[in-house]
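Only one structure is covered here, and it is reproduced in the block below.
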Amino acid sequence: MVILTFQGMVASQTDADPMALGLFYFATLVPFLLVSLHAGVWADRFDRLRLLAASHLLILAVSASIVTLLLAGRTAPTTFMVSGFVFGLALAASQPAGQALVAESVPRGLTTTAVTLHSFGITLSRFLGPALAAILIAAAGNSLTMVVHCVLCVAIVALALTTRASQTRGSAVSSSFSQSIRSGAAHATERWPFMASLMAVGAVSLFGSSYLSQIASLATLATDDSTWFAVLMSATGLGAIVGVVLAAVPMPTSWDLRRICTSMLGLGLCVGALGWARSEPVQLVLVMAAAACQFTTLTLCFRVIQGSIANSHRGRVMSLNQLCYAGLIPVGGLLLGLSWAWVGPSAAFSSAGAFVIGAATVLILRVWSLDPRFPLEQRAF
974 MVILTFQGMV ASQTDADPMA LGLFYFATLV PFLLVSLHAG VWADRFDRLR LLAASHLLIL
1034 AVSASIVTLL LAGRTAPTTF MVSGFVFGLA LAASQPAGQA LVAESVPRGL TTTAVTLHSF
1094 GITLSRFLGP ALAAILIAAA GNSLTMVVHC VLCVAIVALA LTTRASQTRG SAVSSSFSQS
1154 IRSGAAHATE RWPFMASLMA VGAVSLFGSS YLSQIASLAT LATDDSTWFA VLMSATGLGA
1214 IVGVVLAAVP MPTSWDLRRI CTSMLGLGLC VGALGWARSE PVQLVLVMAA AACQFTTLTL
1274 CFRVIQGSIA NSHRGRVMSL NQLCYAGLIP VGGLLLGLSW AWVGPSAAFS SAGAFVIGAA
1334 TVLILRVWSL DPRFPLEQRA F
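Throughout, the working numbering is defined as the position within the sequence shown, counted from one, plus 973.
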């Protein structure tokens, strides 16, 4: 909701200048590259609920400041870029703690279910949030949208401060930052399901998710209708929900890595085909299918990762996942944009899809040689 509002204000104040929108996109996501590892240590060193509350207090302060500036009529594109950076910083600092709380709040046997439900909630909010923001902006302008977000932040802070949960802390409590990171990395590399899933997350974020950064440009290949971009964006949201639902289909958890490989192959094929699509129906189907494969892969990866690590190291290990996920998405979008400019959309998207298929093939060669009945946690990488 907030990011859509900020992005819309930057677009309206710069006549949708691509450079300004690119800088806003970068400013919002670059904090994930800067503080993800630190956030993982904080999640294992401090109370996770209080860390979550603190980050949302910072978000609340940003939202309240924007409301004040909007009412005073003193906003500029740089205002929203700086606000987007602080907003991204707060999210990056709190996400490892939030992800750790998902698994910490339920018995070990229910971790996979909790992760799937959490992914479904996040995906649903990504679909409904922009729709709600669009309605509020159309009805009463940007100020009301930010006021609503302030109210939601207050509710989240109150819930975090009044909820009681068990807290397990690892070696990050008494060790230095570098020692804590090494300890978390060592814990992760001892568990090959984590490493395989992390490789999948990295490939999907760097190459498989890059099509999202070029949806607006893809829309112009099929039609001059300016509303087609919004239709494609809605299709990605619907496809994401389908993907999470597919990941939730009951199957033995020992088959999760095989399902990850399969959905990665589907994603690679869809991304590669998007560069050649020149009709609206074909683009619609491919975008929905790509989003479904993307979020099936990511949800299964997050489930495997959460189920293969100890709670004492969960914050630091999840920060590695966050670094590969949110940290690589803007890099992938930039690479696809440069490739489009150099070799055209067909070759650019084909290359991105080929990289995803290549990563899936590497995993397939390893995963399919294993007996799915043998516990994942007992296998060597």
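Yeah, the Cβ is synthetic: ideal placement off N, Cα and C, and Gly gets one too.
Inter-stretch contact (C-beta, 8 Å, three-pair minimum) for the stretch 1194-1205 and the stretch 1298-1310: no
V1127, buried or exposed, once every other Cβ within 10 Å from all chains shown has been counted against 16: When all chains shown are included, V1127 counts as exposed.
Inter-stretch contact at 8 Å, needing at least 3 Cβ pairs: the stretch 1002-1021 / the stretch 1283-1292: yes
Three-pair Cβ contact test at 8 Å for the stretch 1258-1266 versus the stretch 1129-1137: no
Where L1301 falls: helix, strand or coil (DSSP): coil
Continuous alpha helix (DSSP H) stretch holding E1253: start and end: Counting along the chain, the alpha helix (DSSP H) containing E1253 begins and ends at E1253 to G1280.
Contacting residues, own chain, Cβ-Cβ under 7 Å from L1238 (five flanking each side not counted): I1330 and A1333
Identity of the residue in S1281, L1042, M1224 and G1306 nearest M1119 by Cα: L1042
Coil, strand or helix - P1050 by DSSP: helix
Candidates R1047, L1025, V1340 and G1306: closest to L1179 by CA position: G1306
Same chain only: Cβ atoms within 6 Å of A1221, ignoring 5 sequence neighbours per side: T1089
Proximity below 8 Å, CB of A1070 to CB of G1288: Yes, these two residues count as a Cβ contact at 8 Å.
Beta-carbon contacts of V1277 that lie in its chain and below 6 Å, excluding the five residues immediately before and after: P1166, S1170 and D1229
Classification of D1017 by the beta-carbon crowding that lies within 10 angstroms, buried from 16 upward: buried
First through last residue of the alpha helix (DSSP H) which encompasses P1223: Element bounds for P1223: n/a, residue is neither H nor E.
Same chain only: Cβ atoms within 7 Å of S1319, ignoring 5 sequence neighbours per side: G1248 and W1249
Classification of I1282 by the beta-carbon crowding that lies within 10 angstroms, buried from 16 upward: Only buried fits I1282, as 16 or more other CB atoms lie within 10 angstroms of its CB.
Spatial neighbours of L1033 in its chain, beta-carbon cut-off 8 Å, leaving aside the 5 residues before and after: C1123, C1126, V1127 and V1130
Length of the line joining the Cα atoms of N1284 and L1191: 42 Å
Candidates G1216, W1201 and A1327, of which the one nearest T1272 by Cα: G1216
Rounded straight-line distance, which links the Cα of L1338 to that of L1031: 46 Å
Whole-angstrom distance between A1066 and Q986, CA atom to CA atom: 30 Å
Straight-line gap, R1021 to A1076 (C-alpha atoms, nearest Å): 12 Å
Where L1296 falls, given that 16 or more other Cβ within 10 Å makes a residue buried: buried
Beta carbon of G1245 nearer than 8 Å to that of F1322: yes
W1249, enclosing alpha helix (DSSP H) - first and last residue: Premise fails: W1249 is in no alpha helix (DSSP H) and is neither H nor E.
8 Å Cβ cutoff met for L1097 and I1214: yes
Span separating the alpha-carbon of T1141 from that of H1286: Residue placement at T1141 is flagged as unreliable, the pLDDT there being 47, under the threshold of 50; a coordinate-derived value is accordingly withheld.
Neighbourhood of L1002 by C-beta distance below 7 Å, restricted to the same chain and skipping five residues each side: G1061, A1299, I1302 and P1303
N- and C-terminal bounds of the alpha helix (DSSP H) containing T1193: That run of the alpha helix (DSSP H) goes I1188 to A1195.
C-alpha gap between I1154 and G1013, whole angstroms: 8 Å
Proximity winner among S1028, G1210, V1335 and A1189, relative to F1093 (alpha-carbon distances): G1210
Rounded straight-line distance, which links the Cα of M1224 to that of C1274: 15 Å
Member of M1168, V1218 and S1324 whose CA lies at the smallest distance from the CA of C1243: S1324
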